[in-house]
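Structure first, then comments.
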Ligand code: FES
């Protein structure tokens, strides 16, 4: 009886030890997966605000984008344009000044869809570019191509 009692005790001990080990492992995994409430997005600064997508017209190597009633109607506004000529990011930097850059990330080709107050943010791996397309944070290393942009009659024209 003493041997049986000892065997049961060992089983109970092993079961208890396994439960403790499982709980410790689970706690480690939860912490590693961001269970402590810390941000887990690439780049550590979040994806930014989703950019509005604006309609455009493409003809004669120019993309034209009406700005009335869009985020580009205000200085500081930014938007994304999907045209047959490509994807572009446009920002309004003054009454009549705009920047226009490629909307495809130079890292692995993802469409850039987010922006903060000063940067565009790629959703795939968190690369960040300023309004002129220069890399502010990798993994991207190359700048986005910038295009000449003019403004007249409430229309931004991107020259390709
Ligand atoms: S494709 Fe944009 S950061 Fe990787």
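Residue numbers (the working numbering): 8 to 167. Positions of the beta carbon are idealized from the N, C-alpha and C atoms, including for glycine.
- In the DSSP annotation of this structure, the continuous segment of the beta strand (DSSP E) that includes residue 73 starts and ends at 69 to 73.
- If you ignore the 5 residues before and after residue 140, its C-beta comes within less than 6 angstroms of the C-beta of 108, 150, 151 and 153, all in its own chain and listed in chain order.
- If you look at residue 157, you'll find it in the beta strand (DSSP E) that goes 153 to 159.
- In the three-state reduction of the DSSP assignment, residue 58 falls in the coil class, being assigned neither a helical nor a strand state.
- Contact between the region 63 to 73 and the region 114 to 129 is absent, with fewer than three C-beta pairs closer than 8 angstroms.
- Remark: the C-beta of residue 68 is outside contact range of the ligand FES, defined as less than 6 angstroms to any heavy atom.
- In this structure, residue 105 lies away from residue 162, with their beta-carbon atoms at least 7 angstroms apart.
- Within the region 111 to 142, the runs of beta strand (DSSP E) at least 3 residues long that lie entirely inside it are, in chain order, 126 to 128 and 135 to 137.
- In the displayed model, residue 92 falls within coil according to three-state DSSP, outside both helix and strand.
- If you check the CB distance, residue 87 and residue 58 come in under 7 angstroms.
- When beta bridges are read from the DSSP output, residue 107 appears opposite 97 and 154.
- The beta carbon of residue 77 sits closer than 8 angstroms to those of 59, 61, 84 and 86, all from its chain and outside the five residues before and after it, given in chain order.
- Taking each of 115, 92, 96 and 117 in turn and checking the Cα distance to residue 127, the smallest one comes out for 96.
- Under the DSSP assignment, residue 66 falls in the beta strand (DSSP E) whose first and last residues are 64 to 66.
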